[in-house]
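Input: a single structure, listed below in structure tokens.
In my numbering, the protein residues as written are 11 to 381.
The following block contains the structure:
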């Protein structure tokens, strides 16, 4: 079935064209490179994997509860509309919310793939070009996996959210070579990582848990790359240049915060957007969810050297300023460990099943000979 037939809302044109700005840069220096970045490039090569093989796609998924979503997490919970919903309606609502959420993940991963390719083109240093090439492949794999999950397991997609489209467009239209790093790897991917982590750590459904854990293992490297490259570069900028980038971060963070309402879902259930946004704003669960989504962005922004007064005031206004002291290295190490532990548990279970099958076959053969 064509993807367009699965969209819950009209996605518009089949293609979105963003005018390209900036220069393609070549480097003829092939020997000089930063040891830390080259080590990350080597890790990026070593850690490539096949989403068709590593993920167990035979696992069943209930489209009406693909993530084990609790009632309290849905913005209609506790409103006048909730009591009117049948169990079937609630299942359909869960399906739409999961579809909306994973659709934004999918669109974001395609954006990350394009931004990583743009970095290969525009970044002046060859070691950064090398690593970005591995990231482009990672992001292609992630988009492939999310598309398959939505198509085969949920059977529904949502168009790209307007605010995500706006931030992605601003990132790609900017001619400065560092902006794809800042817009995509710090803001969009930082927020997505936090969302991935919250679902990964709370879902009791094995297939989405696998998908998110393995994607996050890759993303831990991507964030490390962005931090490393931008931290080095931003030390060289003037105060005025740093303030320009801080303004971009402020605007982007407000856009991302406003993106997280899922109003499109409730509109499909006949609720006006203004009312849907009000329910989202009043939900205690979703307020906490939105705050935690900045747990990866704020410490990263601080780490790369963007921490001026205006930016700090914006984070105070959003209620996320204290997240600047979060240990980002620890979070990323945990992302890697969780994926490796999941692999170990899965393969140990599969090995036990194989041993049991062999033992059973041997015993059956012995019984046959005895007979």
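The beta-carbon is built from N, C-alpha and C at its ideal position, and this holds for glycine as well.
Worksheet item: Residue ranges of each alpha helix (DSSP H) run of no fewer than 4 residues wholly in the region 138-183, ordered along the chain?
Response: 172-183
Nearest by alpha-carbon distance to residue 104: which of 231, 368 and 86 is it?
Numbered from its first residue, the chain shown carries residue 104 at position 94. Comparing Cα positions, the closest option is 86.
In terms of residue numbering, what span does the alpha helix (DSSP H) encompassing residue 307 cover? Working through the chain shown from its first residue, we reach residue 307 at position 297. Here the alpha helix (DSSP H) through residue 307 covers 307-313.
When you compare the region 298-310 with the region 194-214, are there three or more beta-carbon pairs, one atom per stretch, that lie closer than 8 Å? yes
Task: Euclidean distance between Cα positions of residue 33 and residue 354 - done: To locate residue 33, count along the chain shown from 1; it is residue 23. To locate residue 354, count along the chain shown from 1; it is residue 344. The straight-line gap from Cα to Cα measures roughly 45 Å.
Query raised in the report: At what residues does the alpha helix (DSSP H) containing residue 286 begin and finish?
Result: Here the question's residue 286 lines up with position 276 in the chain shown. Residues 283-292.
Practice item. Taking only the alpha-carbon atoms, compute the straight-line gap between residue 222 and residue 360 and give it to the nearest angstrom. Key: The count along the chain shown starts at 1 and reaches residue 222 at position 212. The count along the chain shown starts at 1 and reaches residue 360 at position 350. Between residue 222 and residue 360, the C-alpha separation is close to 21 Å.
CA-CA distance, residue 140 and residue 25?
As a position in the chain shown, residue 140 is number 130, starting the count at 1. As a position in the chain shown, residue 25 is number 15, starting the count at 1. Taking the straight line joining both Cα atoms gives about 29 Å.
Task: Within the region 198-243, ranges of the alpha helix (DSSP H) (whole runs, at least 4 residues) - done: 199-212
Neighbourhood of residue 92 by C-beta distance below 6 Å, restricted to the same chain and skipping five residues each side: Start at 1 with the first residue of the chain shown, and residue 92 comes out as number 82. Around residue 92: 86.
inquiry  = Going by DSSP in three states, residue 191 sits in which element: helix, strand or coil?
reply    = As a position in the chain shown, residue 191 is number 181, starting the count at 1. The answer is helix: DSSP assigns residue 191 an H, G or I state.
*In its own chain, which residues sit with a C-beta less than 6 Å from the C-beta of residue 293, not counting the 5 before and 5 after it?*
In the chain shown, counting from the first residue as 1, residue 293 sits at position 283. Hits under 6 Å: 85.
Report buried or exposed for residue 40, applying the criterion of at least 16 other Cβ atoms within 10 angstroms of its Cβ.
On the chain shown, residue 40 is found 30 positions in, with the first residue counted as 1. Exposed is the call here.
Could you tell me which residues DSSP pairs with residue 17 in its beta bridges? The sequence position of residue 17 within the chain shown is 7, counting from 1. Residue 17 pairs with 167.
Checklist entry - Considering only residues of the same chain and omitting the five flanking positions on each side of residue 214, which have a CB-CB separation below 8 Å? => result Residue 214 sits at position 204 when you count from the first residue of the chain shown. Answer for residue 214: 78, listed in chain order.
**OP:** Measure the CB-CB distance between residue 286 and residue 167 and report whether it falls below 8 Å.
**Re:** The residue labelled residue 286 in the question sits at position 276 within the chain shown. The residue labelled residue 167 in the question sits at position 157 within the chain shown. At a Cβ-Cβ threshold of 8 Å, residue 286 and residue 167 do not count as neighbours.
(Q) Assuming the contact rule is C-beta atoms closer than 8 Å, residue 121 and residue 189 should be a hit. Round their C-beta distance to whole Å, please. (A) Your numbering for residue 121 matches position 111 in the chain shown. Your numbering for residue 189 matches position 179 in the chain shown. The Cβ separation is near 13 Å, so there is no contact.
(message) For residue 160 and residue 109, which I take to be in contact (beta-carbon distance under 8 Å), what is that distance rounded to the nearest angstrom?
(response) Translated into positions along the chain shown, residue 160 becomes position 150. Translated into positions along the chain shown, residue 109 becomes position 99. Right, their Cβ atoms sit about 7 Å apart.
Original post:
What do you get for residue 170, buried or exposed, if any count of 16 or more other CB atoms within 10 angstroms of its CB means buried?
Top reply: Numbered from its first residue, the chain shown carries residue 170 at position 160. Per the 10 Å Cβ criterion, buried.
- Query: Anyone know if the C-beta pair for residue 307 and residue 196 falls short of 8 Å?
  - Reply: In the chain shown, residue 307 corresponds to position 297, counting from 1. In the chain shown, residue 196 corresponds to position 186, counting from 1. Yes, these two residues count as a Cβ contact at 8 Å.
For residue 209, which of 80, 29, 347 and 337 has the nearest alpha-carbon? As a position in the chain shown, residue 209 is number 199, starting the count at 1. Distances from the alpha-carbon of residue 209 to those of 80, 29, 347 and 337 put 80 closest.
*By Cβ distance below 7 Å, which residues in the same chain neighbour residue 422 in space, the five residues on each side in sequence not counted?*
Not covered by the structure: residue 422. The range shown for the chain is 11 to 381.
- Any idea what DSSP makes of residue 84, helix, strand or coil? For the purposes of this step, residue 84 is identified with residue 74 of the chain shown, where counting begins at 1. Coil.
task = Alpha carbon to alpha carbon, how far is residue 370 from residue 340? Give it in angstroms, no decimals.
result = Taking the first residue of the chain shown as position 1, residue 340 is located at position 330. Taking the first residue of the chain shown as position 1, residue 370 is located at position 360. Straight-line Cα distance between these residues: approximately 45 Å.
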